[in-house]
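Here's the structure, in structure tokens; my notes come after.
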Amino acid sequence: MTDTPFTIAEAETTLFARLRRWWSGETANPVKRVQFDRPLTPWMFLLPQLAVVAIFFYWPSVQAVTSSFYLEDPFGFGATFVALDNYTDALTSRGYLSTAAFTAFFCVVVTALSLGLGLLLAVKADKVIRGAETYKTLLISVYAIAPPVAGLIGMMFFDMHMGPFTQMAAWFGYDLKVGIDYWDTASALIVISVWKQIPYNFIFFLSGLQSVPVSVREAALIDAKSGWRRFCDITLPLLAPTAFFLLVINITYTMFDTFPIIDVIVKDKPANNPMTLVYKVYLDGFKGNDIGGSSAQSVILMVVVALLTVLQFRFLERRVHYG
Amino acid sequence: MQKIKPLDHLILILGALFLCTPVVMALMSSTHAAIDIHSNGLFLTPGSHGAETYTKVLTSRGGFTGDVTGLLMLTNSMIMGLGFAIGKIALSMMAAYALVYFRFRFATLIFWAIFATLLLPLEVRIMPSYQVMSELHLLNTYTGLIVPLLASATGTFFFRQFFRSVPDELLEAARIDGAGPVKFFIDVLVPLSKTMMAAIFIIMFIYGWNQYLWPLLMTTDESFFTLMRGIKSILQVWVGSQIPDYNEAFALAVLAMVPPVAVVVIFQRMFIKGLTESDK
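Respectively, the protein sequence lines represent chains C and P.
Going by my numbering, the first sequence opens with residue 1, and the numbers climb by one from there.
Going by my numbering, the second sequence opens with residue 324, and the numbers climb by one from there.
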């Protein structure tokens, strides 16, 4: 990747100038020096993607926003306009707030652990020579395992009858009750989610490390004797853009992609189990039939994600500048 | 260069063990009888019931769901993975081509309209998406399973970046030779993008194969179940049964993870390229 996705010039022009350019079709800095100049051909190429985006992205998104202002009858007999009630209900309900708190906690723990372990393994794998390829293959392969499969395997490890982790906990006299005890379930979710995400972080950190020029490494070797010093003063700053980028990706992962893991472990029985905001959207919408409430929660999440993505683009730009 | 300490290897070995042991245990346990797993826990050595379990999971109806076999779910997962990967590459290459190589009205507007899809993952709009699908009568169809997932611009974004790095001289030369836009696309750009297409294909195949939530909502008809959907079913059956079919669950998990893991291991280099250059 050699250039930035959205150039600064594009972002900082006035609305008026932007509208004028939308109309005339020119961009601030044309992507190509030569371009085809035909009125219809580009639309032919764009049509499939635009159709899919319009039908399966914009239509449902607009519907989410509209139905969040209505209270829908659970049996499908019409809907009443309730303005912001769904939002205030969600934001003041104890269940929603505790789910939000857990989601935040879950994000912090999973992100910290999987970034930390991924970085540790990448630094070591970058260093060793013997067996480097084998380590790499072993550490990467878990990436391909689907979250529900990870959840299933994890569930077996935490099984109350024969799970190895439950037995290990029993040696220390602790009765691990995943699926029943709130914090036991939370720990299981964290372990499984971290396990699934380490390979992703490992791949990015390793490729970040390997793009550090040899000359820089050698200079660092001469300047700093202690490996820890070298790591703090040279490696970490060079990796910072990758780390920022991964931070956003990991938060997004913990918020959304852990859905299957939670579904497998909690199995539609929220009883006294922790869950994330996305899982609550699903439960309230599909199991609880509260379409308005679920939509309002969706919209709140949309805002959160949109903010995260904007952050991601900012860091993506920085990553490109430094890297 | 740097001195390598035994500690470095120890950390790597521990890391590899932490990541790989669960997978090995799942594989090994799937070859034991459910009753042995129930009384002895998970296994690290192969057992003697492997053939039996896998035959049952692959071919028998009613093993864990009403009337769907593992083989059918495997086929559906394959259709899902391949359909998604191919569809994604086709749609996004065409859209990226139009955005990079043409000067036309509303180009910037269209650009933003397409890339706004990166803002919101499917999970935040599942309820309305489901309603739209049922209005369009696309529940329980392959179209309904695959096409809505294509509505995210990840691939378009990637190909746009790639096309921008293609030298301008190629287009100039092609135009001098009298090539039109369609010819230039098919005869120059597509062959040029082969490596990129392969890298993206790997990422997208894994993504499509591993889909869970969408198939869960879209399919109530068991003949459209994918392996991921099957995992959900096998767990639902467990509630209240005497000794859960641990072995069958593990066999299903193994079937669901072997193809994507194999793809990653075999095409490792290309996979890393696809992943780190497309940024998801």
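Cβ atoms here follow ideal geometry from the backbone N, Cα and C, with glycine treated the same way.
In this text, all values refer to a predicted model and were calculated from it rather than measured experimentally.
Label residue i either buried or exposed according to how many other C-beta atoms from any shown protein chain fall within 10 Å of its C-beta, with 16 as the threshold for buried.
i: residue 160 (chain C); result: exposed
i: residue 59 (chain C); result: buried
i: residue 64 (chain C); result: buried
i: residue 199 (chain C); result: buried
i: residue 329 (chain P); result: exposed
i: residue 490 (chain P); result: exposed
i: residue 532 (chain P); result: buried
i: residue 184 (chain C); result: buried
i: residue 534 (chain P); result: buried
i: residue 530 (chain P); result: buried
i: residue 205 (chain C); result: buried
i: residue 342 (chain P); result: buried
i: residue 457 (chain P); result: exposed
i: residue 597 (chain P); result: buried
i: residue 363 (chain P); result: exposed
i: residue 382 (chain P); result: exposed
In angstroms, rounded to a whole number, what distance separates the CA positions of residue i and residue j?
i: residue 158 (chain C); j: residue 484 (chain P); result: 44 Å
i: residue 537 (chain P); j: residue 347 (chain P); result: 29 Å
i: residue 22 (chain C); j: residue 572 (chain P); result: Any reading at residue 22 (chain C) must be qualified, since the residue scores a pLDDT of 49, below 50, and its modelled position is unreliable; no value is offered.
i: residue 511 (chain P); j: residue 49 (chain C); result: 22 Å
i: residue 350 (chain P); j: residue 574 (chain P); result: 7 Å
i: residue 386 (chain P); j: residue 560 (chain P); result: For residue 386 (chain P), the predicted model reports a pLDDT of 47, less than 50, meaning its position is unreliable and no value from the coordinates is stated.
i: residue 545 (chain P); j: residue 570 (chain P); result: 22 Å
i: residue 42 (chain C); j: residue 421 (chain P); result: 5 Å
i: residue 90 (chain C); j: residue 62 (chain C); result: 20 Å
i: residue 93 (chain C); j: residue 273 (chain C); result: 17 Å
i: residue 461 (chain P); j: residue 57 (chain C); result: 15 Å
i: residue 434 (chain P); j: residue 480 (chain P); result: 10 Å
i: residue 550 (chain P); j: residue 518 (chain P); result: 29 Å
i: residue 87 (chain C); j: residue 287 (chain C); result: 19 Å
i: residue 333 (chain P); j: residue 137 (chain C); result: 17 Å
i: residue 502 (chain P); j: residue 509 (chain P); result: 10 Å
i: residue 311 (chain C); j: residue 245 (chain C); result: 9 Å
i: residue 176 (chain C); j: residue 266 (chain C); result: 15 Å
i: residue 156 (chain C); j: residue 367 (chain P); result: 14 Å
i: residue 145 (chain C); j: residue 96 (chain C); result: 31 Å
i: residue 120 (chain C); j: residue 130 (chain C); result: 18 Å
Measure how close the beta-carbons of residue i and residue j come, nearest whole angstrom, since I'm counting them as under 8 Å.
i: residue 338 (chain P); j: residue 139 (chain C); result: 6 Å
i: residue 327 (chain C); j: residue 424 (chain P); result: An answer regarding residue 327 (chain C) cannot be provided, because it is not within the stretch 1 to 323 covered by chain C.
i: residue 527 (chain P); j: residue 407 (chain P); result: 6 Å
i: residue 67 (chain C); j: residue 451 (chain P); result: 7 Å
In chain order, what residues of the same chain have a beta carbon less than 8 Å from the beta carbon of residue i, not counting five sequence neighbours either side?
i: residue 261 (chain C); result: 147, 148, 150, 151, 154, 189, 192, 193 and 196
i: residue 132 (chain C); result: 125
i: residue 594 (chain P); result: 522, 525, 526, 586 and 587
i: residue 357 (chain P); result: 566, 567, 568, 569, 570 and 571
i: residue 548 (chain P); result: 388, 391, 395, 396, 399, 538, 542 and 556
Could you pull out every residue in the same chain whose Cβ sits closer than 7 Å to the Cβ of residue i, ignoring the five residues on either side in sequence?
i: residue 251 (chain C); result: 107, 111 and 308
i: residue 256 (chain C); result: 278
i: residue 212 (chain C); result: 238
i: residue 507 (chain P); result: 494 and 497
i: residue 208 (chain C); result: 239 and 242
Does DSSP put residue i in a helix, a strand or coil?
i: residue 256 (chain C); result: helix
i: residue 477 (chain P); result: helix
i: residue 224 (chain C); result: coil
i: residue 535 (chain P); result: coil
i: residue 439 (chain P); result: helix
i: residue 392 (chain P); result: coil
i: residue 79 (chain C); result: strand
i: residue 174 (chain C); result: coil
i: residue 425 (chain P); result: strand
i: residue 547 (chain P); result: helix
i: residue 204 (chain C); result: helix
i: residue 366 (chain P); result: coil
i: residue 106 (chain C); result: helix
i: residue 239 (chain C); result: helix
i: residue 461 (chain P); result: coil
i: residue 485 (chain P); result: helix
i: residue 71 (chain C); result: strand
i: residue 36 (chain C); result: strand
i: residue 250 (chain C); result: helix
i: residue 275 (chain C); result: coil
Consider the C-beta atom of residue i and the heavy atoms of the ligand PLP; say whether any pair is separated by less than 7 Å.
i: residue 398 (chain P); result: In the structure on display, the ligand PLP does not appear, and there are no ligands present to speak of.
Between residue i and the rest of its own chain, which residues show a CB-CB distance below 6 Å, the 5 nearest in sequence each way excluded?
i: residue 370 (chain P); result: 354 and 355
i: residue 79 (chain C); result: 70 and 72
i: residue 365 (chain P); result: 348 and 352
i: residue 520 (chain P); result: 412
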